[in-house]
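See below for the structure under consideration.
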Amino acid sequence: MSSTKDHSGVTTVATYPIAIEINGKPQQLDVHPWTTLLDLLREQIGLTGTKKGCDHGQCGACTVLLNGKRINSCLTIAVMHDGASLTTVEGLASGDDLHPMQAAFVKHDAFQCGYCTPGQLCSAVGMTAEGRAETSDELREHMSGNLCRCGAYPNILSAIEEAMPATREQLERDKGVSR
Amino acid sequence: MNPFTYARPTGIDEAVSLFTPDSRYIAGGTNLLDLMKENVTHPEQLIDITRLPLKDIEETTDGGLRIGALVSNSDLAWDARIEQHYPLLSKAILAGASPQLRNMATTGGNLLQRTRCYYFYDADTPCNKREPGSGCPARDGLNRIHAILGHSEQCIAVHPSDMCVGLAALDATVIVKGRDGERRIAFADFHRLPGNEPERDNTLADGELVTAVELPAENFSTHCAYLKIRDRQSYAFALVSVAAALQLDGGVIRNVRVALGGVAHKPWRNPEAEALLVGRPADKAAFGELADALLAGAIGFNDNQFKIELARRAIVRALSDAVEGAV
Ligand SMILES: Cc1cc2nc3c(=O)[nH]c(=O)nc-3n(C[C@H](O)[C@H](O)[C@H](O)COP(=O)(O)OP(=O)(O)OC[C@H]3O[C@@H](n4cnc5c(N)ncnc54)[C@H](O)[C@@H]3O)c2cc1C
Ligand code: FES
Ligand code: FES
């Protein structure tokens, strides 16, 4: 923890150091304990792909992959994730090659305004890694944590259904690389 | 959120010793941070317990399972032993929140999540639970999601957890550690009714840390059902939920458990009424009697009268489903 003294001499807590890998890039950051992971990404690092919809865990727009698992970045504080590895929507593609899930969203026109899309993409990749959803009904249930105010659900579902096999292969490959 | 300091202990005793009355433990953060953003809770220190060694699920000597307080809701629901032997618990957990939230939410945090009463959440209105003595606007206000059983003049809020309804039916035990050592609390005694102290959701002492939840060997894996009725089919809290568990001998009831969610300040059971069904055929007549006994004395308010009949039907349906297998 690093602290500063204000002019009346009172010590106020400033920031805590954390080491966190974001989209493959290790970062050393100083964070206020009340900074959410979402605000860290958007305000402190300038990665604005991850969206703030409700800020209360109710919409899924802020979904990111924390150590490979999908979570709502609005309901966790960054200081707790010292040592973690994070993937945001900016980290899905490799250079100019879209991630299969992204390519399928484009192909199926799986968005209207696009605000929910980064969360939908990260959530769909996280769901594929979980390996628990197969049928369309299961996919709908397992994607229920991501709301779409434009109601693009049918196309989102088609895109996910198409991209899951390629996403699975990519996850396997990535696992091979990191081991 | 208000400014606060942050501590990251690595040992259980260290965590407990760091606790002060203005501190809160933080695990998944999915309820606490929400309440801090709403200005309902404003701790001066957060004690991050996620590095404590409480992440395992282990077999107990008497054939049950001991679930560490930091096991995530997803890991618990999808643990092979839970899915196979305690399907009721797995189903109850998966009926709650969203996959993202369940990845963060922990066993201990789920037990201690607070009510979703609109007035409790709105720091600009009175609420006896948030601010003792200020009044309960829910009684004469919007109370569609509120209690029909066990409420008091001071508070008609419900406990919102699904997981806890499953744990209540399974007769789990909560293990806690405080400055004075360890205690074991029967699940039925963990949460409490509001009475004259609606600010107290449970019987934990200040600073006590939940370390584990134990499941007994008896698991009702062959006949059980978790039925959750809500305004939308997923990602919504229960209006009424039912954890039903049966042991059958042919078509005869050898043991039955029913716990209700969404209807009271704690998961609602009636063991005496359950005992009366032993030896009876497992049919709708018997299930209806148990439903009537569970709902005896139910009193609804303006918007939630419907819950009484809804609960009655849900109980009969869940028990009928349980006869068919693990549903
Ligand atoms: C949009 C939304 C929808 C939801 N829907 C549902 C639903 O349908 N069904 C359902 O059951 N739940 C639902 N939830 C609630 C969710 O299950 C809880 O938020 C979660 O289980 C809390 O766990 P946590 O680890 O995140 O707790 P935290 O937020 O970390 O903590 C909650 C409380 O418990 C205390 N605490 C945590 N761990 C311990 C411990 N080991 N010992 C002592 N004190 C401790 C904290 O101090 C805090 O007061 C929903 C939540 C959201 C945001
Ligand atoms: S912004 Fe996090 S869930 Fe809506
Ligand atoms: S595309 Fe507009 S919110 Fe989903």
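Residue numbers (full-length UniProt numbering), protein chains in the order written: chain A, 1 to 179; chain B, 1 to 327.
No residue lacks a Cβ here, since even glycine has one placed at the ideal position from N, Cα and C.
Here the structure is a predicted model, which is why all the values come from computation and not from measurement.
Check: residue i C-beta below 7 Å from any heavy atom of ligand 3
| i | result |
| --- | --- |
| R140 of chain A | no |
| T63 of chain A | no |
| C113 of chain A | yes |
| R149 of chain A | yes |
| A152 of chain A | yes |
CB of residue i within 8 Å of CB of residue j, strictly
| i | j | result |
| --- | --- | --- |
| L227 of chain B | A318 of chain B | yes |
| T15 of chain A | I77 of chain A | no |
| P132 of chain B | H191 of chain B | no |
| A172 of chain B | E218 of chain B | no |
| N146 of chain A | C116 of chain A | yes |
| D162 of chain B | S241 of chain B | yes |
| H108 of chain A | P99 of chain B | no |
| L239 of chain B | I229 of chain B | yes |
| N73 of chain B | K69 of chain A | no |
| P17 of chain A | L46 of chain B | no |
| I156 of chain B | V174 of chain B | no |
| L35 of chain B | L75 of chain A | no |
| T88 of chain A | N155 of chain A | no |
| residue 192 of chain A | T63 of chain A | Outside the displayed range of chain A (1 to 179) lies residue 192 of chain A, so it cannot be described from this structure. |
| P281 of chain B | G251 of chain B | yes |
| A61 of chain A | Q112 of chain A | no |
Buried or exposed by the 16-neighbour rule on C-beta atoms within 10 Å, applied to residue i
| i | result |
| --- | --- |
| K175 of chain A | exposed |
| E208 of chain B | buried |
| N302 of chain B | exposed |
| A27 of chain B | buried |
| N128 of chain B | buried |
| P53 of chain B | exposed |
| E272 of chain B | exposed |
| T61 of chain B | exposed |
| A69 of chain B | buried |
| A284 of chain B | In the sequence as displayed, the identity of residue 284 of chain B is Lys instead of Ala. Classification for K284 of chain B: exposed. |
| Q113 of chain B | buried |
| P100 of chain A | buried |
| E44 of chain B | exposed |
| P198 of chain B | buried |
| E58 of chain B | exposed |
| R130 of chain B | buried |
| E309 of chain B | exposed |
Residue i beta carbon near ligand 2 (any heavy atom closer than 7 Å)
| i | result |
| --- | --- |
| K69 of chain A | no |
| Q58 of chain A | yes |
| D55 of chain A | yes |
| C117 of chain B | no |
| C116 of chain A | no |
| residue 199 of chain A | Examination of residue 199 of chain A is not possible in this model, given that chain A is present from 1 through 179 alone. |
| K91 of chain B | no |
| K52 of chain A | yes |
| C74 of chain A | yes |
Closer than 7 Å: residue i CB and nearest ligand 1 heavy atom
| i | result |
| --- | --- |
| M101 of chain A | no |
| S161 of chain B | yes |
| A69 of chain B | yes |
| V210 of chain B | yes |
| M104 of chain B | yes |
| R81 of chain B | no |
*Would you check if there are 3 or more beta carbon pairs closer than 8 Å linking the region 149–165 of chain A to the region 121–136 of chain A?*
yes
*Starting from the N-terminal side, write out each stretch of the beta strand (DSSP E) that is 3 residues or longer and does not extend beyond the region 61–107 of chain B.*
65–68
*Report yes or no: do three or more beta-carbon pairs, one from the region 242–262 of chain B and one from the region 103–112 of chain B, lie closer than 8 Å?*
no
*Are three or more beta carbon pairs between the region 70–83 of chain B and the region 179–194 of chain B nearer than 8 Å?*
no
_3 or more residues per run - each beta strand (DSSP E) lying fully within the region 122–185 of chain B_ = 173–178
*Are the region 81–95 of chain B and the region 116–124 of chain B touching, with three or more C-beta to C-beta distances below 8 Å?*
no
_Uninterrupted beta strand (DSSP E) stretches inside the region 77–145 of chain A (no shorter than 3 residues)_ = 85–87
_Can you confirm whether the region 140–160 of chain B touches the region 292–309 of chain B when touching is taken to mean that 3 or more C-beta pairs between the two stretches lie within less than 8 Å?_
yes
*Is the number of C-beta pairs between the region 307–323 of chain B and the region 274–291 of chain B that are closer than 8 Å three or more?*
yes
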